[in-house]
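Scroll down for the structure; my scribbles are underneath it.
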Amino acid sequence: MPKKILLITGWGVGTAPLMPLQQALQQVGHRVELADIFDWFDLTQKQQMLARVAEVDVVIGWSLGGQLALLLVDAYQQLTGQQKTLINLVSNPCFVAQENWSCAMPETEFTQFFQAFQQNPQATLKRFYLNICRGDAQAKQHWLGLQNTANPPENELLLQGLILLRDLNLVDKWLQYANSAYFVFTQQDAVVPCQIIQKAPDFVVKAPHITMLPELSHAFPVTHPVLAAEQICQFLTEASFA
293 MPKKILLITG
303 WGVGTAPLMP
313 LQQALQQVGH
323 RVELADIFDW
333 FDLTQKQQML
343 ARVAEVDVVI
353 GWSLGGQLAL
363 LLVDAYQQLT
373 GQQKTLINLV
383 SNPCFVAQEN
393 WSCAMPETEF
403 TQFFQAFQQN
413 PQATLKRFYL
423 NICRGDAQAK
433 QHWLGLQNTA
443 NPPENELLLQ
453 GLILLRDLNL
463 VDKWLQYANS
473 AYFVFTQQDA
483 VVPCQIIQKA
493 PDFVVKAPHI
503 TMLPELSHAF
513 PVTHPVLAAE
523 QICQFLTEAS
533 FA
């Protein structure tokens, strides 16, 4: 059965790189809206996004978009009692390492990245695009392509996105949704450690819908849109018969 889908992009790239994934999903009948990252702590933006969630069946998020998707689905359920289907693509519930979550980017490394972006946003984004493509056999080709297609939002929103990545710790909510949501990780991800599954045994026990894709990078929703669409559609088909 065709679904109405809200697809939230990750940090720094905008929505244009996800258009091939949007099109791949639409070709099999789904209706897909794209959304950029937003400031969760801005009440107006939050309400606008919750209104969009109300109109769809499925909320999919890539990377930071996955954290935002989790927050939206959880907030919508608390407001209405209705549960939307949640799909996370290579998304870490706690992006920067904290006391209760070590499988993440070290705080010092993130601070350096944050400062680099403040000093030279354009060069930092270019380097970031390379990092999210690392691990793929065609990393350089994908990196060049991403530089051409990326349409990042204003730097002010990107800075707010970095603050979200630094401060959000959604591990508890992540575990709450483990049984019903779908989670996709990649073995060659240079941004979200694939060891996240081994480091979270409670999550693995609770989560029946986890896929680990080999030989792909953090940018796989952009670089392999047809494969990403196949994974999403397979889960949606299985979930509809569950």
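Adding 292 to a residue's 1-based position in the sequence shown gives its number in this note's numbering.
A virtual CB, placed ideally from N, CA and C, is assigned to each residue, including glycine.
Every value quoted in this text rests on a predicted model; they were computed, and no experiment measured them.
Cβ-Cβ distance between residue i and residue j below 7 Å
i	j	result
Trp-332	Leu-363	yes
Ala-482	Arg-426	yes
Leu-299	Ala-521	no
Ser-355	Val-382	yes
Ala-396	Asn-380	no
Val-269	Cys-525	Any answer about residue 269 is impossible in this case: the structure gives the chain only from 293 up to 534.
Gln-480	Leu-519	no
Tyr-474	Phe-405	no
Leu-326	Thr-307	yes
Asp-278	Lys-296	Outside the shown range of the chain, which is 293 to 534, sits residue 278, and nothing can be said about it.
Thr-478	Leu-449	no
Gln-337	Phe-330	yes
Counted within 10 angstroms of its Cβ, other Cβ atoms place residue i as buried (16 or more) or exposed
i	result
Val-345	buried
Ala-534	With a pLDDT of 46 at Ala-534, under the threshold of 50, the predicted position of this residue should be treated as unreliable, though the coordinate-derived value follows. Flag for Ala-534 reads exposed.
Gln-523	buried
Asp-328	buried
Leu-457	buried
Asp-494	exposed
Ala-429	exposed
Gly-353	buried
Pro-517	buried
Thr-515	buried
Pro-500	exposed
Selection from the options that minimises the alpha carbon distance to residue i
i	options	result
Asn-471	Pro-506, Asn-384, Thr-377	Thr-377
Val-476	Gly-358, Thr-403, Lys-338	Gly-358
Ile-424	Gln-315, His-510, Ala-308	His-510
Trp-466	Ile-502, Glu-401, Lys-296	Ile-502
Tyr-469	Thr-336, Ala-308, Pro-513, Val-351	Val-351
Asp-464	Phe-402, Ala-431, Asp-366, Leu-371	Asp-366
Pro-309	Trp-435, Gln-369, Phe-402, Asp-459	Trp-435
Leu-371	Pro-398, Leu-342, Pro-294, Glu-347	Leu-342
Ala-361	Pro-398, Pro-294, Leu-462, Glu-530	Leu-462
Glu-399	Asp-459, Pro-294, His-322	Asp-459
Thr-529	Gln-315, Met-311, His-322	His-322
Ile-488	Thr-403, Leu-422, Cys-386, Ala-408	Cys-386
Pro-513	Gln-390, Met-311, Ala-408	Met-311
Tyr-421	Thr-403, Gln-407, Asn-440	Asn-440
Phe-402	Met-293, Gln-318, Val-484	Val-484
Exercise for the section: Write down every uninterrupted run of the alpha helix (DSSP H) in the stretch 332-397 whose length is 4 residues or greater and which is fully enclosed by it, in chain order. Expected result: 335-346, 356-372
Practice task
Quick one: which unbroken beta strand (DSSP E) runs of 3-plus residues sit fully inside the stretch 398-482? Chain order, please.
Solution key: 474-478
Handout entry: the stretch 449-457 / the stretch 299-311 touching (three or more Cβ pairs under 8 Å)
Key = yes
Handout entry: Inter-stretch contact (C-beta, 8 Å, three-pair minimum) for the stretch 409-423 and the stretch 433-451
Key = yes
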